[in-house]
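Taking the UniProt record's numbering, the leading residue of the sequence shown gets 1, the next gets one more, and so forth.
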Amino acid sequence: MNIAITGGGTGGHLAIARALGEECKKQGITTLYIGGTRGQDKQWFDNESTPFTHTAFLDSMPVVNQSFFGKWSALAKNITESLSAKKLLKEHNINACISVGGFSAATGSFGAIFSRIPFFIHEQNACMGSLNKLLKPFAKSFFSSFEYPNVTFTPYPINSDFFIKQRERDTLKTIAFFGGSQGAKAINELALNLAPLLKEKNIKILHQAGKIDYENTYKAYVEKGFNLADSMQDFKSGEKDIFVFDFRRDMAELMNMADFCISRAGASSLWELVSNGLPTLFIPYPYAAKNHQYFNAKSLIDKDLALLYTQDEISRIDINDLAQKITQINLSTISKSLITMAQQNGAECIINHIRQYLKN
């Protein structure tokens, strides 16, 4: 059996693609990954550690946040590139194609539809993406871990490491600040403002500052008089209170070390935090398409399983009030509920569903 997986552009979509690729590899399925050249796709999968049998990267263009003429230009480009995708699908004898969304998904998705290959979609967010909404009528199944009408519900495809490193929290000893690989200035500033108050309470800090703002954030901590850990091992020794870094891939290990987290609300990050049992305050990225990060976080807020502040609210909040609210959270109750909510084998459920469709 040969399955194509298409989509990406940003880390959340790529994490799903990787989870599906690893599941296919485990089941002995030959895979073709079709990504783009403009996002992080090649960085993730154009190397020896890729889980895919074959990879291809086409010039897929984003349509969202473009001008009227820009949208049409991008659409025309994607349709042209989809002819290359169609050729790839034929060369690799692909039996089915699944899109994980993101602007990189356009060419492979159109190619599969034009080839009349059984086509499937995974929607990662609580608010449906524009491309997925456009292509949903062509999909044999539409998978989601959020509540949508007429969808096939599956657990979110997550790397098993987050479940392996899962634990119940009961005491606030360490707070993690995660802003993503590029960082989040609002979260970096919040961490710096909270740091003196957290130090008074003997609470340690793990801070992913992102590649763009790492040096400035590091210097700001030093200027405030903090003695920073030089490495993860240095931080684990217990002698240093803060470890600030640009980006690391061992997120499950980092989450395991924390008792509370302050994070953006991308879907993959959110479900990784849920799977790890880590209570979180979410600050959604305000410029995400359709404000989907807000609605991702709201799905947990509605169950009383997280805190949520918009970026505007967090910029105006009294820092002492926020510190008090964080330290008064019932970590044990929330952590246990998150662990109960978390479900494994999301990627396995999706791939098995596709296999069953092809079998029938």
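The C-beta atom is built at its ideal place from N, Cα and C for all residues, glycine as well.
**Request:** Assess, as a yes-or-no matter, whether the stretch 342-360 is touched by the stretch 281-300 under the definition of 3 or more beta carbon pairs within less than 8 Å.
**Result:** By the C-beta criterion, the stretch 281-300 is judged not to be in contact with the stretch 342-360, since fewer than 3 inter-stretch pairs fall below 8 Å.
**Message:** Comparing C-alpha positions only, which one of Asn78, Asn352, Leu198, Ser315 sits nearest to Gln328?
**Reply:** Looking up residue 328 in the sequence shown gives position 328. Checked all of Asn78, Asn352, Leu198, Ser315; the closest Cα to Gln328 is Leu198.
**Start-end ranges of the beta strand (DSSP E) lying completely within the stretch 186-216, minimum 3 residues** = Listed in chain order, they are 204-208.
**Request:** Return the Cβ separation of Ile187 and Ile242 in integer angstroms, given the expectation that the two are a contact with Cβ distance under 8 Å.
**Result:** To locate residue 187, count along the sequence shown from 1; it is residue 187. To locate residue 242, count along the sequence shown from 1; it is residue 242. Not confirmed; about 15 Å, so no contact.
**Whole-angstrom C-beta distance between Phe142 and Val151, which should lie under 8 Å** = Position 151 of the sequence shown, counted from the first residue, corresponds to residue 151. Position 142 of the sequence shown, counted from the first residue, corresponds to residue 142. Contact check for Val151 and Phe142: beta-carbon distance about 5 Å, within the 8 Å limit, so the pair qualifies.
**Segments of 4+ residues assigned as alpha helix (DSSP H) that fall wholly inside the stretch 267-301** = Complete alpha helix (DSSP H) runs here, min 4: 267-276, 292-301.
**Item:** Cross-strand partners of Val244 (DSSP beta bridge)
**Value:** Locating residue 244 in the sequence shown gives position 244, counting from the first residue. Beta-bridge pairing links Val244 to His207.
**Asked** Do Thr154 and Ser160 have their C-beta atoms within less than 8 Å of each other?
**Response** The residue labelled residue 154 in the question sits at position 154 within the sequence shown. The residue labelled residue 160 in the question sits at position 160 within the sequence shown. No.
**Request:** Examine the ligand GTP and report whether any of its heavy atoms sits within less than 7 Å of the Cβ of Thr171.
**Result:** Ligands are entirely absent from the displayed structure, and the ligand GTP is therefore not among its contents.
**Request:** Determine the extent of the alpha helix (DSSP H) in which Ala258 is found, giving its start and end residues.
**Result:** Here residue 258 is taken as the residue at index 258 of the sequence shown, counted from 1. Annotation for Ala258: no alpha helix (DSSP H) segment contains it, and DSSP assigns it neither H nor E.
**Message:** Could you compute how far the alpha carbon of Ile117 sits from the alpha carbon of His353?
**Reply:** Locating residue 117 in the sequence shown gives position 117, counting from the first residue. Locating residue 353 in the sequence shown gives position 353, counting from the first residue. Ile117 and His353 have their C-alpha atoms some 16 Å from each other.
**Message:** I'd like the span of the alpha helix (DSSP H) that includes Ala15, first residue to last.
**Reply:** Position 15 of the sequence shown, counting from 1, holds the residue named residue 15. Secondary structure note for Ala15: its alpha helix (DSSP H) is the uninterrupted segment 11-26.
**Prompt:** Considering only C-alpha positions, which residue in the set Thr55, Asn93, Gly101 is nearest to Pro62?
**Reply:** Working through the sequence shown from its first residue, we reach residue 62 at position 62. Nearest to Pro62 by C-alpha distance, out of Thr55, Asn93, Gly101, is Gly101.
**Prompt:** Does the stretch 127-135 come close enough to the stretch 218-230 to have 3 or more Cβ pairs within less than 8 Å?
**Reply:** No, the stretch 127-135 does not touch the stretch 218-230.
**Request:** Have a look at Thr53, Glu48, Ile34, Gly8 and flag the residue whose alpha-carbon is nearest the alpha-carbon of Gly28.
**Result:** Residue mapping note: residue 28 aligns to position 28 of the sequence shown, counting from 1. Per the Cα distances, Thr53.
**Message:** Does Leu172 come out as helix, strand or coil in the three-state DSSP assignment?
**Reply:** Mapped onto the sequence shown, residue 172 falls at position 172. Leu172 falls in the coil class under three-state DSSP.
**Asked** By DSSP, does Tyr33 sit in helix, in strand, or in coil?
**Response** Residue numbering aside, residue 33 sits at position 33 when the sequence shown is read from its first letter. It is a strand residue.
**Asked** Does the stretch 156-175 touch the stretch 297-315, meaning 3 or more C-beta pairs lie closer than 8 Å?
**Response** Judged by Cβ distances under 8 Å, the stretch 297-315 makes no contact with the stretch 156-175, as fewer than three pairs qualify.
**Per-residue DSSP class, three states only, for Ser141** = Against the sequence shown, residue 141 aligns to sequence position 141. Residue state, collapsed to three classes: strand.
**Prompt:** Taking buried to mean at least 16 other C-beta atoms within 10 Å of its own C-beta, is Ala267 buried or exposed?
**Reply:** For this step, residue 267 is matched to residue 267 along the sequence shown. A residue is called buried when at least 16 other Cβ atoms come within 10 angstroms of its Cβ; Ala267 meets this threshold and is buried.
**Message:** Judging by CA-CA distance, which residue of Ile205, Pro157, Gly277 is the nearest neighbour of Leu228?
**Reply:** Position 228 of the sequence shown holds residue 228. Nearest C-alpha to Leu228: Ile205.
**Prompt:** Where DSSP assigns a beta bridge to Ile350, which residues make up the other side?
**Reply:** Reading the sequence shown from its first residue, position 350 is the one you call residue 350. For Ile350, which the question treats as bridged, DSSP gives no partner whatsoever.
**Prompt:** beta strand (DSSP E) containing Ala96: first to last residue?
**Reply:** Position 96 of the sequence shown holds residue 96. For Ala96, the enclosing beta strand (DSSP E) has its first and last residue at 96-99.
**Message:** Rounded to whole angstroms, what is the Cα-Cα separation between Lys359 and Leu75?
**Reply:** By one-based count along the sequence shown, residue 359 stands at place 359. By one-based count along the sequence shown, residue 75 stands at place 75. Approximately 34 Å between the Cα atoms of the pair.
**Request:** Compute the distance between the beta-carbons of Met255 and Lys336, then report whether it is under 8 Å.
**Result:** Here residue 255 corresponds to residue number 255 of the sequence shown, with the count starting at 1. Here residue 336 corresponds to residue number 336 of the sequence shown, with the count starting at 1. Note that the C-beta distance between Met255 and Lys336 is not below 8 Å.
**Prompt:** Among Lys71, Asp59, Ser73, which residue has its Cα nearest to the Cα of Ser82?
**Reply:** Taking the sequence shown and counting its residues from 1, one reaches residue 82 at position 82. Ranking the options by Cα distance to Ser82, first place goes to Asp59.
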